[in-house]
C-alpha cells in the first residue's frame with residue numbers, strides 16, 4: 194500500500210482513538226460541543242500552520258535547521274495558546290480541551306509534516322514517527338492548558354515550546370535512523386502517560402472521586 198493512500202486515515206484515526214481514551218473517563222465533566230469545536234479548529238489550524246511552514250522551509254545548513262526548529266515550535270505553541278486561552282474554553286475541563294485541540298491540529302499536520310521532511314524511511318517506522326508526532330501535539334495541548342488552568346502560563350508554555358523544538362530536531366535531523374522513530378515514540382508515549390495518569394485526574398476529578406477510582 195502506498196503512503197499516499199494512508200495519508201488521511203493514518204493521522205485522523207489515531208487522533209480520534211487517543212481522544213476517546215482521554216475523555217472516556219470523564220464523561221459529564223466537559224462540554225461535548227467544546228471538544229468537537231476545538232478538534233475541528235485544531236484541524237484547520239494544523240493545515241494552515243503546515244502550509245505556512247512548508248513554504249518558508251529551506252534546508253541550507255544544520256544551523257538553519259535548528260533556527261527553523263525554534264521558530265516553527267514557537268508558531269505552533271502560540272497557535273494553541275491563543276485558542277485555548279479564550280475565555281469560552283476556561284473551565285475545569287480545559288486540559289481535555291487542550292488535548293482535543295492538539296489532536297485535531299496533528300490529525301493531518303503530523304502525516305504531511307513527516308512525509309515532507311523524511312525520505313528513505315521504512316513504512317513501519319514512518320507510521321511510528323507520525324503517531325509519535327500526534328501524541329506530542331496532544332501532550333503540548335494538555336501542557337499549555339495546564340498552564341492556563343494553574344495560572345502559570347509562561348512556565349508551561351516554555352515546557353511545551355521545548356518539547357516542540359525536540360520533535361522538530363528529531364524529525365528534521367535524525368529521522369533517517371529507524372531507531373530514532375522508536376525512541377521518539379517511546380518519549381512521546383511516556384510523557385502522555387505521565388500527563389494522563391498524574392495530571393489529568395487531579396485537574397478533572399475531586400479528591401473523593403480519585404480515591405474511589407483507586408479503591
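Residue numbers (my numbering): 194 to 408. Note that the Cβ used here is the ideal one computed from N, Cα and C, for glycine as well.
Contact between the region 322-337 and the region 202-214 is established, with three or more Cβ pairs separated by less than 8 Å.
Uninterrupted alpha helix (DSSP H) stretches at least 4 residues long and entirely within the region 281-359 occur at 287-310, 316-342, given in chain order.
A Cβ-Cβ separation of about 6 Å places residue 273 in contact with residue 334 under the 8 Å criterion. For residue 273, the secondary structure class from DSSP, reduced to helix, strand or coil, is helix.
The continuous alpha helix (DSSP H) containing residue 243 extends over residues 225-247. By the CB criterion at 9 Å, residue 305 and residue 344 fall outside the cutoff. The residues 358, 361, 362, 365, in chain order, have a CB closer than 7 Å to that of residue 262 in the same chain once the five nearest residues on each side in sequence are set aside.
Residue 212 and residue 353 have their alpha carbons spaced roughly 19 Å apart.
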